[in-house]
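All letters in the sequence shown, in the order written, are residues 84 to 458 by the UniProt record's numbering. Taking it in order: structure first as structure tokens, then the write-up.
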Amino acid sequence: PFTPMLDPDSDNVADNFAFAFDIDGVLVRGGKPIPEATEAMKVLNGENEYGIKVPYIFLTNGGGKFESERCADLSRQLDMTVSEGQFICGHTPMRELSSRYRDCPVLVVGGEGETCRLVAESYGFHDVITPGDILKANASTAPFRRLTPAEHAASRDLLSSRRRRRRPEVRKLSDIVISAVFVFADSRDWASDLQIILDIAQSRGGRLETRSETFDEGPPIYFSHSDVVWSAAHEHVRLGMGALRKMVETVFEETTGGKKLVTHAFGKPQVGTFEFAERLLRQWRAEKHGLGLGTLHGRSQAPAVRTVYFVGDTPESDIKGTNAMDEKSGREGTEWYSILVKTGVYQEGTEPRYRPRKLVGNVLDAVHHGIRREM
Ligand code: G3P
Ligand code: MG
């Protein structure tokens with residue numbers, strides 16, 4: 084049963100359960116809020132028959148912007164304040180890899196204009212190269228792609244003879260060795276991005292414009308998520324980054340005489356992403372609601388929440404990941420309870436590939452179900 088506690092604002096806060104929300108297809112669709120979403124947030128913010136506030140975070144596979152911008156978008160869409168401390172997008176966990184690749188050239192793919200380069204630099208990657216930079220240095224890389232004058236001006240001059248501090252001089256593209264590829268957000272030009280990712284995957288150890296004889300020495304390739312489809316404004320689901328990932332792997336195999344390419348994905352349904360979310364939730368409950376700030380035997384206590392209700396629309400990422408996290412947590416750990424809504428990828432009347440604990444119409448029904456189950 085629910086035990087209310089007093090938060091710093093003297094409000095009742097649920098101290099043993101919380102919610103986590105997927106965004107596209109649950110709260111927002113094609114940039115517009117799903118009608119019940121605003122009401123659902125109000126219920127969690129205390130407008131319910133018990134007068135309790137319930138902590139919550141957001142966990143989207145989307146990205147392509149600074150987390151602060153995504154929070155500002157969501158705040159506008161839901162008519163409330165969403166803080167960075169309660170928000171994770173697909174590429175957020177890539178931040179943790181920046182120390183490994185700090186001064187190494189990395190290829191960053193996807194998103195509008197230069198935004199993902201700036202996001203990657205803010206994560207601590209110091210030598211970010213984009214497909215646009217490569218096309219600027221060698222336009223024949225992708226025969227049917229021409230940079231616009233604005234793209235040309237914004238792209239980095241990789242062949243500049245100016246010696247950068249701590250970096251060797253670059254006279255030709257083959258002087259550059261890419262250490263890792265990060266697909267941060269959806270590609271805006273699949274053909275040229277596919278070509279450039281494959282070129283690097285088939286290179287000699289990441290060295291641009293070279294070909295490996297063995298096709299097994301390319302650098303690691305990370306995608307910020309693996310959703311093949313997602314729920315946007317169109318009545319039918321749209322292709323997502325997972326489709327590009329499948330193309331990269333399939334065409335690699337096709338063009339190397341059957342060699343397999345193993346790529347890596349962040350985002351849901353990876354259990355690591357849910358573990359990241361659990362850490363964020365623990366921090367958010369402490370910072371926002373003062374939960375878990377007590378001390379026992381002189382040591383600060385930050386107890387894990389007992390149940391997290393995860394509300395999603397995509398069985399293959401949201402439900403699969405939540406169920407896997409629940410299984411991994413075991414009896415002692417946090418219960419991760421999956422709720423599937425019908426406002427996005429999942430289509431009513433079909434059999435979801437991964438079964439949720441509860442199937443409901445929309446996000447408001449999901450919130451009511453979770454609260455009722457606790458009371
Ligand atoms: O590109 C974003 C999409 O694949 C899914 O976003 O919020 O449903 O995890 P979301
Ligand atoms: Mg979704």
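Cβ coordinates follow ideal geometry from the N, Cα and C atoms, glycine included.
(message) At the level of alpha carbons, what is the spacing between V320 and S314?
(response) Numbered from its first residue, the sequence shown carries residue 320 at position 237. Numbered from its first residue, the sequence shown carries residue 314 at position 231. Rounded to the nearest angstrom, the two C-alpha atoms are 5 Å apart.
(message) Measuring only the C-alpha atoms, how far is I280 from N99?
(response) For this step, residue 280 is matched to residue 197 along the sequence shown. For this step, residue 99 is matched to residue 16 along the sequence shown. Answer to the nearest angstrom: the Cα atoms are 45 Å apart.
(message) Any contact between the segment 328-347 and the segment 282-290? By contact I mean 3 or more CB pairs, one from each, below 8 Å.
(response) With the rule of 3 Cβ pairs closer than 8 Å, the segment 328-347 counts as touching the segment 282-290.
(message) Going by DSSP, what residue range makes up the alpha helix (DSSP H) through I140?
(response) Against the sequence shown, residue 140 aligns to sequence position 57. It is not in any alpha helix (DSSP H) - I140 instead sits in the beta strand (DSSP E) that spans 139-142.
(message) What I want to know is whether the C-beta of D107 ends up closer than 7 Å to one or more non-hydrogen atoms of ligand 2.
(response) Translated into the one-based positions of the sequence shown, residue 107 becomes position 24. Correct: D107 has its Cβ closer than 7 Å to ligand 2.
(message) Please classify D269 as buried or exposed, where buried requires at least 16 neighbouring CB atoms within 10 angstroms.
(response) Against the sequence shown, residue 269 aligns to sequence position 186. Under this definition D269 is a buried residue.
(message) Does the beta-carbon of D156, which I'm using as the reference point, lie nearer than 7 Å to any heavy atom of ligand 1?
(response) As a position in the sequence shown, residue 156 is number 73, starting the count at 1. Not so, every heavy atom of ligand 1 lies at least 7 Å from the Cβ.
(message) Quick check on residue 460: does DSSP put it in helix, strand or coil?
(response) Nothing can be reported for residue 460, as the shown portion of the chain is limited to 84 through 458.
(request) Pick out whichever of L364, P303, D299, E358 has its Cα sitting closest to the Cα of T339. (result) Taking the sequence shown and counting its residues from 1, one reaches residue 339 at position 256. The option with the nearest alpha carbon to T339 is D299.
(request) Please check the pair E370 and G168, which I expect to be a contact at CB under 8 Å, by giving their CB distance rounded to whole angstroms. (result) By one-based count along the sequence shown, residue 370 stands at place 287. By one-based count along the sequence shown, residue 168 stands at place 85. For E370 against G168, the beta-carbon gap comes to about 6 Å, under 8 Å, which counts as contact.
(request) Go ahead and pull the three-state DSSP assignment for A387. (result) Walking along the sequence shown from the start, residue 387 turns up at place 304. Residue state, collapsed to three classes: coil.
(message) Can you give me the C-alpha to C-alpha distance between A120 and T433, rounded to a whole angstrom?
(response) Counted from its first residue, the sequence shown places residue 120 at position 37. Counted from its first residue, the sequence shown places residue 433 at position 350. Using only the alpha carbons, I get a separation of about 24 Å.
(request) Put D210 into one of helix, strand or coil per three-state DSSP. (result) Walking along the sequence shown from the start, residue 210 turns up at place 127. If DSSP states are grouped into helix, strand and coil, D210 belongs with the strands.
(message) Is the separation between the beta-carbon of G395 and that of V109 shorter than 8 Å?
(response) Walking along the sequence shown from the start, residue 395 turns up at place 312. Walking along the sequence shown from the start, residue 109 turns up at place 26. Their beta carbons are under 8 Å apart, which means G395 touches V109 by this criterion.
(message) Cutting at 6 Å between CB atoms, please list the residues of its own chain near F357, excluding the five before and the five after it.
(response) Translated into the one-based positions of the sequence shown, residue 357 becomes position 274. Leaving aside the five residues that flank F357 on each side, the residues in its chain whose CB is nearer than 6 Å to its CB run, in chain order, G404, M408.
(request) Examine ligand 1 and report whether any of its heavy atoms sits within less than 7 Å of the Cβ of D310. (result) To locate residue 310, count along the sequence shown from 1; it is residue 227. Yes, ligand 1 has a heavy atom inside 7 Å of this Cβ.
(message) Once the 5 residues before and after M163 are set aside, which same chain residues still bring their CB inside 6 Å of it?
(response) For the purposes of this step, residue 163 is taken as residue 80 along the sequence shown, with counting starting at 1. So the qualifying residues of the chain are M124.
(message) Please report the straight-line C-alpha distance between P303 and R455, rounded to a whole angstrom.
(response) Here residue 303 is taken as the residue at index 220 of the sequence shown, counted from 1. Here residue 455 is taken as the residue at index 372 of the sequence shown, counted from 1. Roughly 46 Å between the two C-alpha positions.
(message) Are the CB atoms of L363 and I140 within a distance shorter than 8 Å?
(response) Here residue 140 corresponds to residue number 57 of the sequence shown, with the count starting at 1. Here residue 363 corresponds to residue number 280 of the sequence shown, with the count starting at 1. Contact: yes.
(request) Leaving aside the five residues before and after V202 along the sequence, list all residues of the same chain whose C-beta is less than 6 Å from its C-beta, in chain order. (result) By 1-based counting over the sequence shown, the position of residue 202 is 119. Excluding positions up to five away in sequence, the list reads F149.
(message) Can you determine whether any heavy atom of ligand 1 sits closer than 7 Å to the C-beta of D276, and answer yes or no?
(response) For the purposes of this step, residue 276 is identified with residue 193 of the sequence shown, where counting begins at 1. No, ligand 1 has no heavy atom inside 7 Å of this Cβ.
(message) Less than 7 Å separating the Cβ of T397 from some heavy atom of ligand 2?
(response) By 1-based counting over the sequence shown, the position of residue 397 is 314. Yes; taking the cut-off as 7 Å, the Cβ of T397 has a heavy atom of ligand 2 nearer than that.
(message) Taking a contact to mean a Cβ-Cβ separation below 8 Å, would you say R328 touches S275 in this structure?
(response) Against the sequence shown, residue 328 aligns to sequence position 245. Against the sequence shown, residue 275 aligns to sequence position 192. Contact flag unset, no.
(message) Given a cut-off of 8 Å on the beta-carbon distance, is the pair T417 and V450 in contact?
(response) As a first step, residue 417 is located in the sequence shown; it is residue number 334 there, counting from the start. As a first step, residue 450 is located in the sequence shown; it is residue number 367 there, counting from the start. It is not a contact, given that the beta carbons lie outside the stated cut-off.
(request) Taking the CB atoms as reference points, tell me whether P176 and I259 lie closer together than 8 Å. (result) In the sequence shown, the residue the question calls residue 176 occupies position 93. In the sequence shown, the residue the question calls residue 259 occupies position 176. Contact: no.
(request) Note down the Cα distance separating A103 from G193, rounded to an integer number of angstroms. (result) On the sequence shown, residue 103 is found 20 positions in, with the first residue counted as 1. On the sequence shown, residue 193 is found 110 positions in, with the first residue counted as 1. It is roughly 26 Å from the alpha-carbon of A103 to the alpha-carbon of G193.
(message) Is it buried or exposed, R153, if we count other Cβ atoms within 10 angstroms and call 16 or more buried?
(response) On the sequence shown, position 70 is the one that residue 153 refers to. That one is buried.
(request) Could you check which residue in T397, Y184, G350 has the C-alpha nearest to that of V264? (result) To locate residue 264, count along the sequence shown from 1; it is residue 181. That would be Y184, whose Cα lies nearest to the Cα of V264.
(request) Keeping to the same chain, check which residues put their C-beta closer than 6 Å to that of H174; ignore five residues upstream and five downstream. (result) For the purposes of this step, residue 174 is taken as residue 91 along the sequence shown, with counting starting at 1. Once the five neighbours on either side are set aside, the close Cβ partners of H174 are G146, F267, S307.
(request) Let me know the secondary structure DSSP gives R362 once reduced to three states. (result) Within the sequence shown, the letter at position 279 stands for residue 362. Under the three-state reduction of DSSP, R362 is assigned to helix.
(message) Assuming I304 is part of the alpha helix (DSSP H), what are its boundary residues?
(response) Counted from its first residue, the sequence shown places residue 304 at position 221. No alpha helix (DSSP H) holds I304; the beta strand (DSSP E) holding it covers 304-306.
(message) Given this structure, state the Cα-to-Cα distance separating G289 from V354, to the nearest angstrom.
(response) Here residue 289 refers to the residue found at position 206 when the sequence shown is read from its first residue. Here residue 354 refers to the residue found at position 271 when the sequence shown is read from its first residue. So the two alpha carbons sit approximately 29 Å from each other.
(message) Taking 6 Å as the limit between beta carbons, can you name the residues of its chain near S181, skipping five residues before and five after?
(response) Sequence index remark: in the sequence shown, residue 181 carries index 98 (1-based). Closer than 6 Å at Cβ, skipping near neighbours: Y206, G207, F208.
(request) Could you pull the start and end residues of the beta strand (DSSP E) that F102 belongs to? (result) On the sequence shown, position 19 is the one that residue 102 refers to. Unbroken beta strand (DSSP E) run through F102: 100-104.
(request) Whole angstroms is fine: what's the gap from R294's alpha carbon to A225's? (result) Translated into the one-based positions of the sequence shown, residue 294 becomes position 211. Translated into the one-based positions of the sequence shown, residue 225 becomes position 142. In a straight line, the C-alpha of R294 is about 16 Å away from that of A225.
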